[in-house]
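Data first, discussion second: the structure below is written as structure tokens.
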Amino acid sequence: MTTLPNIGKPATNALQNIGITDLEQLTHYSEKTLLQIHGVGPKAVRILKETLESQNLSFKNTELPKVNFAVLCTLNCENAPKKKIILDYLIAAAAANQAVLETLLVDTLSWIKPGESQLEGKTPFIKAVINHRQDLSSLEIQSILTHGREASAHGIITDKKGNKTYFSDIFLFSSSKKEAKIKQITSFVKTEKIIIQINKQSYSN
3 MTTLPNIGKP
13 ATNALQNIGI
23 TDLEQLTHYS
33 EKTLLQIHGV
43 GPKAVRILKE
53 TLESQNLSFK
63 NTELPKVNFA
73 VLCTLNCENA
83 PKKKIILDYL
93 IAAAAANQAV
103 LETLLVDTLS
113 WIKPGESQLE
123 GKTPFIKAVI
133 NHRQDLSSLE
143 IQSILTHGRE
153 ASAHGIITDK
163 KGNKTYFSDI
173 FLFSSSKKEA
183 KIKQITSFVK
193 TEKIIIQINK
203 QSYSN
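Count along the sequence shown starting at 1, add 2, and that's the number in the working numbering.
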């Protein structure tokens with residue numbers, strides 16, 4: 003594995019924060035994705051691109067749906083329709099994209115958050131997603147599993163303040179058909195907020 007070149011402390015920390023510590027890992031992400039990570043600027047990406055080329059490597063060319071945050075996903079969903087639906091849902095939910103969510107969910111959707119009240123209906127769910135929209139830095143999708151009418155996914159959402167939300171969703175489709183819509187979502191969520199401590203100095207005259 004090849005260590006990252008000198009791209010400045012902010013950019014290095016931003017990449018390390020999402021688990022990127024060596025050059026080879028960058029081949030899983032597009033240039034546009036890296037530019038959307040808070041703390042990674044054009045100069046850092048240019049240095050990374052030049053270093054990749056010197057090692058006969060390159061950024062990933064395949065683009066995910068356009069959003070204003072980085073989507074970190076190394077999964078290949080092109081030949082797995084149900085996985086692609088889950089991928090599209092996760093990105094649309096993070097972006098609060100009502101138009102896309104409308105196409106992926108049944109009208110009678112059930113949203114379950116264990117320990118909290120259950121929400122019924124696609125429209126109330128989309129409204130809740132829009133109301134809780136965050137200013138994101140990245141969406142990292144770590145796994146998507148599907149089997150018949152069932153699916154699951156988990157990952158990490160990081161906002162621009164560095165706060166992380168760890169999520170795990172369990173999905174039930176309306177049928178086993180490849181074009182089936184999502185009928186039920188059970189969500190487990192844990193948020194980890196960054197606490198900034200300010201040291202106060204006292205001065206005596």
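Backbone N, C-alpha and C define an ideal beta-carbon position, used for all residues, glycine too.
Quick check: the Cα distance between residue i and residue j, rounded to an integer number of angstroms?
i	j	result
asparagine 165	valine 73	16 Å
lysine 34	lysine 62	10 Å
histidine 40	glutamate 142	14 Å
leucine 36	glutamine 144	17 Å
glutamine 203	alanine 16	Model confidence at glutamine 203 stands at a pLDDT of 49, short of 50, so the residue's coordinates are unreliable; what they give is reported in the following sentence. Cα to Cα, the separation comes out at about 30 Å.
leucine 147	alanine 95	18 Å
threonine 23	serine 139	18 Å
alanine 97	threonine 167	15 Å
valine 69	serine 119	30 Å
serine 60	glutamine 27	10 Å
alanine 13	glycine 43	7 Å
glutamate 52	isoleucine 158	29 Å
leucine 111	glycine 150	18 Å
proline 116	tyrosine 31	34 Å
Any idea what DSSP makes of residue i, helix, strand or coil?
i	result
aspartate 90	helix
tyrosine 205	Because the pLDDT at tyrosine 205 is just 44, under 50, the model does not fix this residue reliably, and the value given afterwards should be weighed accordingly. Three-state DSSP puts tyrosine 205 in coil, outside helix and strand.
lysine 62	coil
valine 108	strand
threonine 5	strand
lysine 85	helix
On the criterion of 16 or more Cβ atoms from any shown chain inside 10 Å, does residue i qualify as buried, or is it exposed?
i	result
isoleucine 88	buried
isoleucine 9	buried
glutamine 38	buried
valine 191	exposed
glutamine 186	buried
alanine 101	exposed
asparagine 207	The pLDDT assigned to asparagine 207 is 42, lower than 50, so where the model puts this residue is not dependable; a value taken from the coordinates is nonetheless given after this. Burial call: exposed.
isoleucine 20	buried
Along the chain, where does the beta strand (DSSP E) that runs through residue i open and close?
i	result
glutamate 26	Run containing glutamate 26: none; DSSP gives neither H nor E here.
lysine 192	184-194
leucine 37	Counting along the chain, leucine 37 falls outside any beta strand (DSSP E), though it belongs to the alpha helix (DSSP H) covering 33-37.
alanine 72	72-74
Terminal residues of the continuous alpha helix (DSSP H) containing residue i?
i	result
alanine 13	11-19
leucine 54	44-56
Kindly examine the ligand NAP and report whether one of its heavy atoms sits closer than 6 Å to the Cβ of residue i.
i	result
glycine 43	Of ligands this structure carries none, so the ligand NAP is not represented either.
Any chance you could list the alpha helix (DSSP H) runs of at least 4 consecutive residues sitting entirely within the segment 91-178, in chain order?
As summarised for the segment 91-178, the continuous alpha helix (DSSP H) elements at least 4 residues long and confined to that stretch are 100-106, 124-133, given in chain order.
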